[in-house]
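Residues in the sequence shown are numbered from 1 upward in steps of one, following the UniProt record's numbering.
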Amino acid sequence: MIGDPSNHLIEKPMQSSGNNAIDALAYRSWNAGPGMALTLTYSFLATPPANASAMDIFGFVPMSAAQQGAARVAMATWSAAANITFTEVAGGGQLLMGVNDQGSKSGAYAYYPNPAGSSALYLNDEGYNTVFTPGSFGAHVLIHELGHTLGLKHPGNYNATGGGAPGPFLPVDTDNADYTLMSYYGGRSEAINGKYPVSPMVYDVLAIQYLYGANLQYRTGDDVYAFGNAAAPSCIWDAGGINTFDFSACVGTTLINLNEGAFSETASKLRNVSIAYGVEVRRALAGNGGSTIVANDLGNTITGGAGIDDVFGGAGHDSITGGAGDDTLRGDGGNDSLQGGVGNDRLDGGAGNDTIDGGSGTDTAVLAYRFEDTTRVWLNATDLQVTDNATGITVTLRGIETIVFDGVTMALDETVGSWSPTGTRMADLLTGTGAADILAGLAGNDTLAALGGDDSLDGGTGNDSLAGGEGNDTLVAATGRDTLAGGAGDDLYVIGTATATLLEEAMGGHDAARTTLATWTLAQGVEDLAGTQAGRAYRFTGNALDNAIHGNSGNDVLSGGAGNDTLRGAAGRDSLAGGDGDDHLEGGTGNDTLDGGAGNDTAVFAQALASYTRSRPTAGDLKLVDTVSKEVIVVRNTETLVFAGMSYSLDDLRLGLVSTGDDMLTGTTGADTIDGLAGNDTMTGLAGNDTYVIGAAGDAIVEETGGGIDMARIAIAGTGFTHALAENVENATIVSRVAGSVTGNAADNALTGNAAANTLAGAAGNDSLEGGAGNDWLLGGEGDDTLAGGTGSDTLEGGDGDDVHIVDAAGDKVVEAADGGVDTVRTALARWTMAAEVERLEYTGKSGFTGTGNALDNRIGGGGGADRLLGGDGDDTLAGGAGNDLLTGGTGSDAFVLRFDAGSDTVADFVTGIDHVLVDVSVRGIGNGDAVVNGAVTIMAPGGFGTDAELVIVTGGAGTLTTARGAALIGSADAAYAKGDSALFAIDNGTSTVLYRFVSAQADAIVSAGELTQIAQLTGVADAASVEIGFTR
């Protein structure tokens, strides 16, 4: 800001320049007129000068060493741009500098030039005036205030102490620190990253050079200006040389503008680098995030970065390189050189005789003239010259795939004929173009490189090197030790020499080899192989890809190897081996052998299945004989066979072909069904969920550990057969109609009988035995077994473990030994009495049930009807379930389980002090819903209990207990229940005790009859207080 200038100003302002950008800043001068060089002495004040004002003197202190150093740096920024020489003197300088206390009104102030005396600059004694790092506010203040001492004013009508500056003024859009650091308004950098200008800005340089002339000795060499993303705002003044803007350290999008007076951006929207008027910058290096670069008219050298660059050339002869990324390069005027580099680039040379090189990628050249108005000619194998017939202007293209003629897009090979050079008898080097070329090497050890396009390369005789490049190329190796590299595209290799080497890159298209050689192995990266000479016996081998290998009319041996291969033998006695993968095999005519190998393979035949007879020469083979031609085909390791479009599985076609002798049958890793038919067969399923059909007592199963869940289907016809389940076979079902005996193994077996009287023995493991019809004997053995007799009067013997007996006939017999686990009977019969050593009884039907326990501690559960449960001896647990049940515990300490949603049960023989009641709160709770009885209380008269009491015992009642009578005996709680609150009430009448569930219907303390539901009556229990009641979940 400016202080009170009244004592230090000459009266007349600087004469107008006619340029508002200058006149809005240039106000006074130390000299008599503009453009005159200045030598200015300066001193750092030890005390205020004699003519200092009270404002100057207030809180005065000398500048610190750091402040003095920062002042010298700030003066250097002005002298760099203009003919100003600052000379330091001990005292009495024309420019005096110090520090005082300015409060909060300003950061500093200074006086305009006073040629007759001195001018002064005072920093405010605030902390920011002790920090002078580049871009800091303190450094900015010094440069700004020095501008005032040199004669620059504010560009707008404002001052920090009030009032205004004299006009003229800058427009609002340029009155900011991007254009002049004399402005009070910050630029974009200050707003985005808090940094202030580190030099006079573009209008400041104009104004100061108007006052004192330009410094033409400053940076006259070839200078490089390197910037990072966070560069502080600056304006470049450079007096000469071939200068460079280097943005290569910048990450993200940037803008580079090489024109004088223009702004560049080291980061998006930052606008922090400007070029002073009269400065020439001819070179630019882009950043790595995508740059927009604008050239000037001086002839620029511009190098793009790794991002997607957008470059605008100027009127000069520019050299523009795109670098990596899909760049857009425009040459504009001049004879330009454009190089796209890596990426899919778009290059427009503009006017002039330009050279355009697309580089790698799919590149497009843009020309202003029509295709029909041009002449096109290959200069050599790489360069295409396009001439505008009207002007004679030529453009040389290389590495270009597409050309746009006056808005019409054409592929390169549409615009010009192919390049067809022919070699000599010597060692030739022939190079193609981006179009479809024909290269012929003839004799000699030739090198043929086709570049783009669908090319044809023939090395001729000699040891040749052929490279197809991009495109669908044909490479011919006739003789010699040739090396063939197809490159990208779907290439065809024609092989006539066994010493040829094929080099095909991964993902390089779908490639094929054709040969007359009797033996050939596909190179890596080549997909297809075919023999081209009829009658020759070929021996072809594939690679790890999905190959298509074709023989011819001879006796061929084709091996697919890895991958999902297609093998076709054609005529002749062929042997096809698919190898790994899901292969497709076609033998053609003749006696063929088809071996699919590993994977899910398919063999294809032209005729219907009915045209062949089938036999099984070995366990794994299927033999087909054509009934007309008598041709023999042997198929193995092939999962699917297709006859005239109809598909069959090999297993199905082999099924039933087994002999009646002793067969050795082996399945696959899939889910096999193996049937040995008659004879003592040995069946091996391998992995997968296999099914074995046991037709003879001597059949044997070999099953591996972890080989799936396997089933033995027992079809032995002789009555009284026995069968022991083989190791690692889990399940068995008797499918014959005769009675037999099946014994399980150590696994968890599922054994199923038939309609006869069978014996099923589970042995070890947790087995499931199902007898079916007939009077069966089921033995669980060790483990937790489930025994279901089915219809008939069955004997269910659980053995050790916690067994479950499914009883579904009144004649069933359950047998359990002492200490044989905790065993359960489940039944839907109307009544059942538990056998000795059975602990639990569960009713699974829907009607009323009578269940009777034994001498053990039984747990008996009813169903949804009116059940009668009798515990007998032991400490029993009776749970009637839904319905109005009658529960009789018998001797022992019994537990009666009651539910709120299950009707009203009657306990016939409750013995106080021994038996107890368990109320199931898992469906409908009491109080807080847990299994703990909270706040139990006993009352002898109505009332006297709280709402937190989950159990209220009411004693001393009389008469018949109804809900109305119960409500009267209960009375009201001490406080109001909330709606939905619940509690359990036990009420006696001197002869019995009744249990009620209470649910509050409204927010009051009264317990009404409508809020009570009877859940049980304990017959003969005269004193409710003597009943032990608990909750259970």
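Ideal Cβ placement from N, Cα and C applies to all residues, glycine included.
In summary, Pro168 is exposed, with fewer than 16 beta-carbon neighbours lying within 10 Å of its beta-carbon over all protein chains present. Contact fails between the region 65-75 and the region 21-38, because fewer than three Cβ pairs, one in each stretch, are under 8 Å apart.
With a 10 Å radius around the Cβ and a threshold of 16 neighbouring Cβ atoms, Glu504 comes out buried. When the alpha-carbon of Lys846 is set against those of Asp867, Asp857 and Glu837, the nearest one is in Asp867.
The distance from the Cβ of Asp428 to that of Gly453 is about 19 Å, inconsistent with a contact at the 8 Å cut-off. In the three-state scheme derived from DSSP, where H, G and I count as helix and E and B as strand, Glu770 is classed as strand. With contacts defined by Cβ atoms closer than 8 Å, Gly799 and Gly820 form a contacting pair. About 7 Å separates the beta carbons of Asp345 and Leu329, which is inside the 8 Å limit, making them a contact pair. DSSP places Asn243 within a strand segment (E or B) once states are collapsed to three. Per the DSSP secondary-structure output, His317 pairs with nothing in a beta bridge. Judged by their CB atoms, Gly720 and Ala696 are not nearer to each other than the 8 Å cut-off. Distance from the CA of Glu703 to the CA of Gly670, rounded to the nearest whole angstrom, comes to 13 Å.
Per the coordinates, the alpha-carbon of Glu816 lies some 17 Å from the alpha-carbon of Ile860. Going by C-alpha positions, Ala485 is about 15 Å away from Gly441. Distance between Ala449 and Ala577, taken at the CA atoms: about 37 Å. Between the region 113-129 and the region 84-102, the count of Cβ pairs shorter than 8 Å is three or higher; the stretches touch.
Tyr692 is bridged by DSSP to Ile674 and Ala712. According to the DSSP secondary-structure assignment, Asn731 is paired through a beta bridge with Met711 and Ala750.
Gln217 and Ala90 have their alpha carbons spaced roughly 28 Å apart.
Bounds of the beta strand (DSSP E) holding Ile701 are Ala700 to Val702. Distance from the CA of Arg1033 to the CA of Ser793, rounded to the nearest whole angstrom, comes to 38 Å. Closest by C-alpha distance to Gly323, out of Gly350, Gly358 and Gly313, is Gly358.
Inclusion of Leu779 and Gly762 in the CB contact set at 8 Å is warranted, their separation being smaller than that value. Listed in chain order, the non-local C-beta contacts of Asp894 below 6 Å within the same chain comprise Gly871, Asp876 and Asp915, local neighbours out to five positions each way being set aside. For Gly462, the closest alpha carbon among the candidates Thr499, Tyr493, Glu770 and Asn775 is that of Thr499. Between Ser982 and Gly925, the C-beta gap is smaller than 8 Å, which places the two residues in contact. Under the three-state reduction of DSSP output, Asn20 falls in the helix class. Val386 counts as buried, since at least 16 other C-beta atoms from the protein chains shown sit within 10 angstroms of its C-beta. In the structure shown, Thr174 falls within a helical segment according to DSSP collapsed to helix, strand and coil.
Beyond the five residues adjoining it in sequence on each side, Arg514 comes within less than 6 Å, by CB distance, of Val494, Ala530 and Thr532 in the same chain, given in chain order. Note on Pro617: under 16 other CB atoms within 10 angstroms of its CB, so exposed under the neighbour-count rule. Closest option to Ser1026, judged by alpha-carbon separation, among Val952, Ala512, Gly980 and Val999: Val952. Secondary structure of Ala477 (DSSP, three-state): strand. The three-state reading of DSSP puts Asn193 in helix, counting H, G and I together.
Between Asn543 and Leu567, the CB-CB gap reaches or exceeds 8 Å. C-alpha of Asp785 to C-alpha of Ser768: approximately 6 Å in a straight line.
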